[in-house]
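Data first, discussion second: the structure below is written as structure tokens.
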Amino acid sequence: MSIAERFFNRCSTAGNGGKAGRQAAVLTLMMAFTFPVSAKVDTDKAYEPVSPTVEQARANILIARQLQFTHFRDMSINDSLSGDVFDAYLEYLDGQRIYLTEKDVENFNAVRMGLGSALKTGQLQPGFDIYNLVQQRIIQRLEFALGLIDKGIDELDFESDESILLDRSEAEWEADRDALDALWVKRIKNAVLAQRLNGADDEAIEDALRRRYEGQLKRAYQGRSEDAFQAYMNAFAGMWDPHTSYFSPRTSENFNINMSLSLEGIGAVLQADNEYTKVVRLVPGGPASKQGQLEPADRIVSVKQEDEDKAVNVIGWRLDEVVDLIRGPRESKVTLEVIPADAPDETVTETISIKRDKVKLEEQSASKEVIEFERGSETFQIGVINIPTFYADFKAMQDGDPNYKSTTRDVRKLIDELKEEGVDGVVMDLRNNGGGALHEANELVGLFIEKGPTVQIRNSNNDVQVLNDEDPSVSYDGPLVVLVNRMSASASEIFAGAIQDYGRGLVVGSQTFGKGTVQAVRPLNHGQLKITQSKFYRVSGGSTQHKGVIPDIEIPSRVDKTRIGEDALDHALPWDQIEAVPHARYFDFSGVIDELRTRHDDRFEDHPEFRLLQKEIEFLKQQREQTSVSLNIDDREEHQSQIERTRLSIANARREIHGDEPFESLDELDEWQDQQAADLDSSDEEMDFIVHEGGNIMADMLELDQRMASILDIKQITAQAQSR
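First residue of the sequence shown? That's 348 in the numbering used here, and the numbers climb one at a time after it.
Shown next, in the form of structure tokens:
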């Protein structure tokens, strides 16, 4: 009989029989039960368990009430939710199942179904008990790893036919401590092999691994009550949707700084991802975006300041501490060691140096260029407008500055300039635009349509608000193409969806992110709660949530849709639809869309850049489908060589397309990439081939149907649409 069962039986016979007695026992168990540690932590230092505070208990009750009564998703706290919270909490604390044993998890089952009622009433001890035991298990594992390194990595066997799973998130829990020991021997072998293949000697490898595990061990001993509370509340809040989360007082401070864009750093939005800090997105115009190497879904391993010799390993660090380490004085450099999003396993890292700076509004501004396309005897001039984000200088606006900057104002000026240059069509590039100011998306749609609705917003009470373009003037009434990709989100999806619904232009690219929800940040007695309160719907009635915008003409992307996008997130709100609102339809593309797709496919079939893109996508897909790696030195070297040959082959194929000399080796390629990243003014002037394809599709439209060159008077078409 387990300790939990004995405790339960003792409480059940202490004068409260039957169902009421059992309920009281469960509550008492959740409040008082501390899970046993099966083995003494082998250290002179003892881990001090953390406990909840009165302020945290009050905040917990407030969070539970707001989630139940004000969140867009109508969901109650019950036994089913308890089990889901339990699983999410364990996933957060030990997502790769490398610290806890099957027996540990079985011990937790005593409170698994009681977490819901405890969370309603601010009884936090069960969550803290789980946290404390995981911290002790982490300490045991790290001390085992350090002991193994102390014996010398030359004692490890790299000749046997062993392998290790790359992702253990769905693996079975290891049965006992001996099984975990065997797993950790494999983990260390994997780390040693990766560094040996990168050219490091054993002394350097031992030093690097020792510093990594000692840093994590130090953090494990410094567990704080706030760490446990934030992790527990986020596991709880995440049941409603992935954008609902709890901010501790310290995290709230960083969030508010980021929202004001006054943070001097690298311009990247970060979040905790198990023991790593993960890049969520890059701020357009920020240092990291301009430098060009850091990518969404990269995970940060270490951080080094320019005046320091050694990097600080940040695996296992709290998010706010990693943010503090990356933040620094303007013009100073910070070097990040990251696991790239497309890395075959977590031992493959890349070093990226970024000069810190403020994110300047002018760096996010829309820009334009003009490209020419020939069709037979005709030459078409196509204007391209790039919009990195939906921005507005709110302070200047509030101060009454008549020249304040905003997306819509800047795009209107660019359109006027393009019309003066006599362009035949316009391509709006919204790739990698993660959204921004909602009213800017609404007003931007208004530049291309007469009066009409642009987006619907439904709240948890099913009340629907319709945003409208009230300005009857139209800045541009010619043919339009909108480019999007997987990183186009929120306001970008509203704009693209409206253009598609009005038949005002064609959407080209890949399926967008699918972020169709609205959050509000609400103060608590302790920290803040970011909660989803409403949902976006297109004028045609379909939501942008989960599904995003499906392009009229699709172009494949390197981005892994299984890892990036709303539909890749746990507990994401589903797609649904409401009633459409009356809106005009400016052009029916059904008569030309098949021919446009055929021309696009034919053009890409022989396009060298597209063939190279397909090769890259296939290579990345093979890497992602790899579930394990060999721990045999010969097999690993062959695998590494194959990856390096493919990388070099792809890089040289691109060099050949642009008429450049091929690289002789991977070292030469890496050195060139470092030089390119260091020189922010050395960007390739060659037109992005996907932008070029957007222009080609525009030229096809103009050639197929000259009516697209100058759309009929908008008022006349609107009147025709409304009279039907």
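Where a beta carbon is used, it is the ideal one built from N, C-alpha and C, also for glycine.
Practice item. May I have a chain-ordered list of the alpha helix (DSSP H) segments no shorter than 4 residues that lie completely inside the segment 701-769? Key: Annotation: the segment 701-769 contains the following complete segments of the alpha helix (DSSP H) (minimum length 4 residues), in chain order: 741-745 and 754-767.
Review point. Do Leu-765 and Ile-734 have their C-beta atoms closer together than 8 Å?
Key: Within the sequence shown, the letter at position 418 stands for residue 765. Within the sequence shown, the letter at position 387 stands for residue 734. By the CB criterion at 8 Å, Leu-765 and Ile-734 fall outside the cutoff.
Check your understanding: What residue range is occupied by the uninterrupted beta strand (DSSP E) comprising Pro-870?
Key -> Indexing the sequence shown from 1 puts residue 870 at position 523. Per DSSP, Pro-870 belongs to the beta strand (DSSP E) from 864-870.
Point to revise | Any alpha helix (DSSP H) of 4 or more consecutive residues that is wholly inside the segment 403-447 | key: Fully enclosed alpha helix (DSSP H) runs of 4 or longer: 426-441.
Check your understanding: Alpha carbon to alpha carbon, how far is Glu-901 from Ser-837?
Key -> As a working mapping, residue 901 is identified with position 554 in the sequence shown. As a working mapping, residue 837 is identified with position 490 in the sequence shown. Their backbone Cα atoms lie some 19 Å apart in a straight line.
Exercise for review: Could you have a look at Arg-369 and say whether DSSP puts it in helix, strand or coil?
Suggested key: Counting from 1 along the sequence shown, the entry for residue 369 is found at position 22. Only weak support exists for where Arg-369 lies, its pLDDT of 29 falling under 50; the value from the coordinates is given anyway. For Arg-369, the three-state secondary structure derived from DSSP is helix.
Practice item. Taking Arg-851 and Phe-795 to be in contact with their CB atoms under 8 Å, please state how far apart those CB atoms are, rounded to whole angstroms. Key: Start at 1 with the first residue of the sequence shown, and residue 851 comes out as number 504. Start at 1 with the first residue of the sequence shown, and residue 795 comes out as number 448. Correct: roughly 5 Å between the Cβ atoms.
Point to revise | Test item: CB-CB of Gly-881 and Ile-980 under 8 Å | key: Start at 1 with the first residue of the sequence shown, and residue 881 comes out as number 534. Start at 1 with the first residue of the sequence shown, and residue 980 comes out as number 633. Residue identity differs from the one stated: residue 881 is Ser in this sequence, not Gly. Contact: no.
Review point. Once you ignore the five residues that flank Arg-534 on each side, which residues in its own chain have a CB closer than 8 Å to its CB?
Key: Within the sequence shown, numbered from 1, the residue matching residue 534 stands at position 187. Annotation for Arg-534: Ile-445, Ala-492 and Ile-511 place their beta carbon closer than 8 Å to its own, counting only its chain and skipping 5 residues before and after.
Practice item. Return helix, strand or coil for Asp-923, following the three-state DSSP convention. Key: Your numbering for residue 923 matches position 576 in the sequence shown. The answer is coil: DSSP assigns Asp-923 none of H, G, I, E or B.
Review point. Excluding the five sequence neighbours on either side, which residues of its own chain have a C-beta within less than 7 Å of the C-beta of Ser-1030, listed in chain order?
Key: Translated into the one-based positions of the sequence shown, residue 1030 becomes position 683. Because the pLDDT of Ser-1030 is 44, which lies under 50, any placement of that residue in the model is unreliable, and the number read from its coordinates should be weighed accordingly. Closer than 7 Å at the Cβ level, and outside the excluded window around Ser-1030, lies no residue.
Review point. Hey, out of Ala-518, Gly-889, Leu-853 and Pro-634, whose CA is closest to Phe-934's CA?
Key: By 1-based counting over the sequence shown, the position of residue 934 is 587. Closest option to Phe-934, Cα to Cα, is Leu-853.
Point to revise | Length of the line joining the Cα atoms of Gln-973 and Thr-801 | key: Locating residue 973 in the sequence shown gives position 626, where the first residue counts as 1. Locating residue 801 in the sequence shown gives position 454, where the first residue counts as 1. The straight-line gap from Cα to Cα measures roughly 44 Å.
Exercise for review: Could you check if Gln-569 is buried or exposed, using at least 16 other CB atoms within 10 Å of its CB as the buried criterion?
Suggested key: Sequence index remark: in the sequence shown, residue 569 carries index 222 (1-based). Exposed, since its Cβ has fewer than 16 Cβ neighbours within 10 Å.
Check your understanding: So who's on the other strand from Ile-804, going by DSSP bridges?
Key -> On the sequence shown, position 457 is the one that residue 804 refers to. Note: Ile-804 sits in a beta bridge opposite Gln-812 and Phe-883.
Review point. Under the three-state reduction of DSSP, which class applies to Ala-379: helix, strand or coil?
Key: For the purposes of this step, residue 379 is taken as residue 32 along the sequence shown, with counting starting at 1. Low confidence applies here, because Ala-379 scores a pLDDT of 32, under 50, leaving its location unreliable; read the following figure in that light. Correct three-state label for Ala-379: helix.
Check your understanding: In three-state DSSP terms, what is Glu-777?
Key -> For the purposes of this step, residue 777 is taken as the residue at position 430 of the sequence shown. Reading the sequence as shown, one finds Leu at residue 777 and not Glu. Three-state result, Leu-777: coil.
Point to revise | Run of the alpha helix (DSSP H) containing Arg-534, from where it starts to where it stops | key: The residue given as residue 534 occupies position 187 in the sequence shown. Annotation: the continuous alpha helix (DSSP H) that includes Arg-534 extends over 524-544.
Check your understanding: Relative to the C-alpha of Asp-704, which residue among Leu-960, Tyr-593 and Pro-631 is closest?
Key -> Indexing the sequence shown from 1 puts residue 704 at position 357. Checking every option, the nearest Cα to that of Asp-704 belongs to Pro-631.
Exercise for review: Counting only runs of 3+ residues fully inside the segment 459-512, write out the beta strand (DSSP E) ranges in chain order.
Suggested key: Listed in chain order, the complete beta strand (DSSP E) runs (minimum 3 residues) inside the segment 459-512 are 510-512.
Check your understanding: Excluding the five sequence neighbours on either side, which residues of its own chain have a C-beta within less than 7 Å of the C-beta of Arg-677, listed in chain order?
Key -> Residue 677 sits at position 330 when you count from the first residue of the sequence shown. Residues of the same chain with a CB within less than 7 Å of the CB of Arg-677, apart from the 5 flanking positions on each side, are Glu-611, Arg-703, Asp-704 and Lys-705 in chain order.
Practice item. Could you name each continuous alpha helix (DSSP H) segment of 4 residues or more that falls completely within the segment 819-871, going from the start of the chain to the end? Key: Within the segment 819-871, the complete alpha helix (DSSP H) runs of at least 4 residues are 838-848.
Exercise for review: Please say whether Trp-520 and Val-616 have beta carbons closer to each other than 8 Å?
Suggested key: If you number the sequence shown from 1, residue 616 lands on position 269. If you number the sequence shown from 1, residue 520 lands on position 173. No; because the gap between Cβ atoms is not below 8 Å, this pair is not in contact.
Check your understanding: From Val-829 to Ala-845, what does the alpha carbon distance come to, in whole angstroms?
Key -> Reading the sequence shown from its first residue, position 482 is the one you call residue 829. Reading the sequence shown from its first residue, position 498 is the one you call residue 845. If you take the alpha carbons of Val-829 and Ala-845, they lie about 11 Å apart.
Review point. Candidates Gly-442, Gln-847, Asp-907 and Asp-1047: which alpha carbon is nearest Gly-772's?
Key: Working through the sequence shown from its first residue, we reach residue 772 at position 425. Nearest in C-alpha terms to Gly-772, of all of Gly-442, Gln-847, Asp-907 and Asp-1047, is Asp-1047.
Review point. When you compare each of Gln-858, Ser-839 and Asp-1007 to Gly-781 by their alpha carbons, which one comes out closest?
Key: For the purposes of this step, residue 781 is identified with residue 434 of the sequence shown, where counting begins at 1. For the options Gln-858, Ser-839 and Asp-1007, the alpha carbon positioned closest to that of Gly-781 is the one of Ser-839.
Practice item. Could you pull out every residue in the same chain whose Cβ sits closer than 7 Å to the Cβ of Asp-508, ignoring the five residues on either side in sequence? Key: Position 161 of the sequence shown, counted from the start, is the residue given in the question as residue 508. Excluding its 5 nearest sequence neighbours in each direction, Asp-508 has C-beta neighbours in its own chain below 7 Å: Asn-979, listed in chain order.
Review point. Would a C-beta distance cut-off of 8 Å place Gln-875 and Phe-594 closer than the cut-off?
Key: Taking the sequence shown and counting its residues from 1, the one referred to as residue 875 is at position 528. Taking the sequence shown and counting its residues from 1, the one referred to as residue 594 is at position 247. The beta carbons of Gln-875 and Phe-594 sit closer together than 8 Å.
Check your understanding: Can you tell me whether DSSP reads Asn-456 as helix, strand or coil?
Key -> Taking the sequence shown and counting its residues from 1, one reaches residue 456 at position 109. If DSSP states are grouped into helix, strand and coil, Asn-456 belongs with coil.
**Study point:** Environment of Ala-788 [buried if 16+ CB atoms lie within 10 Å]
**Key:** Stepping through the sequence shown from its first residue, residue 788 is reached at position 441. Ala-788 should be labelled buried.
Exercise for review: Could you tell me the distance, in whole angstroms, from the CA atom of Glu-1008 to the CA atom of Thr-696?
Suggested key: Taking the sequence shown and counting its residues from 1, one reaches residue 1008 at position 661. Taking the sequence shown and counting its residues from 1, one reaches residue 696 at position 349. Between the alpha carbons of Glu-1008 and Thr-696 lies a gap of roughly 27 Å.
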